[in-house]
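Reading through the structure tokens given below for one structure.
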Amino acid sequence: MRAHELVRFCSEHSMVPLRKNGFVMSNRKRLIFGHHLDFWVTETRPETSGGTFPLGGGGAAGGRRGGGGAALCAAIAFSLFRSDEDQTKEDEMILLLKKAKLSIHRGQLQAASSFFHQVLVLAHQTHNNQAIIYTYSQMANLAFVQGQLDSAEKLFKAAMNFMLVGGAPQDDNAIIEMSLKLATIYAEQNKLELAEHGFMFCTESLEAKLEKHKELSEEEKTEEQEALRKETRLLLGLCLDSRARYRASALRLTQAAQDYQNALDICRQEQGETHPQTLVLMSDLATILDLQGRHDEALVLVQHAVHLSQSVGHPDHHVLLGNMAGILLHTGQLEDSVRFYQEALGLARQAGDQEAMNHIKDGLKEVEKRRSQERYEKRGSTTMKEPEHGSV
1 MRAHELVRFC
11 SEHSMVPLRK
21 NGFVMSNRKR
31 LIFGHHLDFW
41 VTETRPETSG
51 GTFPLGGGGA
61 AGGRRGGGGA
71 ALCAAIAFSL
81 FRSDEDQTKE
91 DEMILLLKKA
101 KLSIHRGQLQ
111 AASSFFHQVL
121 VLAHQTHNNQ
131 AIIYTYSQMA
141 NLAFVQGQLD
151 SAEKLFKAAM
161 NFMLVGGAPQ
171 DDNAIIEMSL
181 KLATIYAEQN
191 KLELAEHGFM
201 FCTESLEAKL
211 EKHKELSEEE
221 KTEEQEALRK
231 ETRLLLGLCL
241 DSRARYRASA
251 LRLTQAAQDY
261 QNALDICRQE
271 QGETHPQTLV
281 LMSDLATILD
291 LQGRHDEALV
301 LVQHAVHLSQ
311 SVGHPDHHVL
321 LGNMAGILLH
331 TGQLEDSVRF
341 YQEALGLARQ
351 AGDQEAMNHI
361 KDGLKEVEKR
371 RSQERYEKRG
381 STTMKEPEHG
391 SV
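Take a look at the structure:
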């Protein structure tokens, strides 16, 4: 059974939970966007919107969606029994992948990268395309979160190329997820035309897949098809969320608000009102509404998000509190703003979230600036009302 261990490891650990913020508004705006990629996760299939090592639909044995994972496992298992030497290399790959996973958990990303490089050499030696795809994608993720965008771009493209050559369709969810990451990279590199094209490809491909699912007869809507539908729709939500942050960073607020609203609708319907990502999207949409001057709508929405966040113990509750404090500041409710900023700061400190702490401190400085301005205006108004000396 040792021959199946590499397949099992890659399928179970296809998503490396690396924390990566999306586009954040400039410091001038004093606004914090929530953490996103941690929460857009499905739990029903090996090939998920968060995964980068698909077992169904990709590779030489993945010609059809249904049962693709089992067929691929059988094909890989057959290849793994070629020789004792290959088996030894497979065992070594498993050990190296476990070391890489542990290094990531400890935040030792350079060590993890070194382990992945060693796995890649062995994967090429044994001609194990699935291990090659998995390793390239994980190396790309590591480069991405470390800001090594050129390297991440090349590695994602390498993984996609191996998948496509192996028979994966262009609208495979794993291909689309990597395309989304490429679009995000292009946006950060200010390659706006490529970014726009990438976001459009992702959203249109997923919308077309969902339309095809609607055309299925009731007999064809199996449990597996329903799982794939949900996975595809959640991936569409992630694409809309990512594009919204991109558009918000360019102050294309009307478009950003629409993308956030659509992503929020998807998340509510598929994952529920109190799901962590639903609450983050409520807060982010409120932030955009606030920037548009729709302060009352923004405040109602963010207050609802904060209330739900507190009731379910949201891991980024301090981020939502900070956003609410910022909106209160913009509505002139300075005392409430300070109170919530202070609460958010304490929670951010407990969570060790330095980025959020910096944004919250900036918000408190802006409150003080607003108070000073109000005091100055009040003194000026009082002075103007005083009669001049010598007047009758």
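Using UniProt numbering, the first residue of the sequence shown is number 1, and each one after it goes up by one.
Beta carbons are placed, not taken as given, at the ideal position from N, Cα and C, and that holds for glycine.
From residue i to residue j, what does the alpha carbon distance come to, in whole angstroms?
i	j	result
L240	H330	27 Å
A344	E224	42 Å
S113	G107	11 Å
residue 397	F144	This structure leaves residue 397 out entirely; the chain is present only between 1 and 392.
L285	R375	33 Å
Q110	M139	10 Å
Q261	A131	38 Å
S278	I360	In the sequence under discussion, the amino acid at residue 278 is Thr, which differs from the Ser named in the question. Spanning the two alpha carbons is a distance of roughly 22 Å.
L253	A298	13 Å
E289	A325	Residue identity check: residue 289 is Leu in the sequence provided, not Glu. Computed Cα separation, rounded: 14 Å.
E153	E204	22 Å
S49	H105	Reliability of the predicted coordinates at S49 is poor, the pLDDT of 36 falling under 50, and the value obtained from them is presented with this limitation in mind. One C-alpha to the other measures close to 21 Å.
S242	V306	22 Å
D265	S217	25 Å
A227	N141	25 Å
F81	Q87	Bear in mind that a pLDDT of 49 at F81, under 50, signals an unreliable position, so the number given afterwards is only what the model happens to contain. Cα-Cα distance, rounded: 7 Å.
Output the boundary residues of the alpha helix (DSSP H) element that contains residue i.
i	result
A250	Careful: A250 lies outside any alpha helix (DSSP H) and carries neither H nor E.
T88	84–105
A298	295–312
G322	317–330
residue 395	Nothing in the structure corresponds to residue 395, since the chain is present only between 1 and 392.
K157	149–165
A351	334–351
By the three-class DSSP mapping on this structure, what secondary structure does residue i have?
i	result
T222	coil
G237	helix
S179	helix
S217	coil
N129	helix
N358	helix
K378	helix
G272	coil
D171	coil
G108	It should be pointed out that residue 108 corresponds to Gln in this sequence rather than to Gly. Three-state result, Q108: coil.
Using 8 Å for Cβ pairs, my map puts residue i next to residue j. What's the rounded Cβ distance?
i	j	result
G167	N129	Not confirmed; about 10 Å, so no contact.
V121	L97	Between L97 and V121 the Cβ distance is about 13 Å, and since that is not below 8 Å, they are no contact.
L281	C267	6 Å
Quick check: is any heavy atom of the ligand ADP less than 7 Å from the C-beta of residue i?
i	result
L180	Ligands are entirely absent from the displayed structure, and the ligand ADP is therefore not among its contents.
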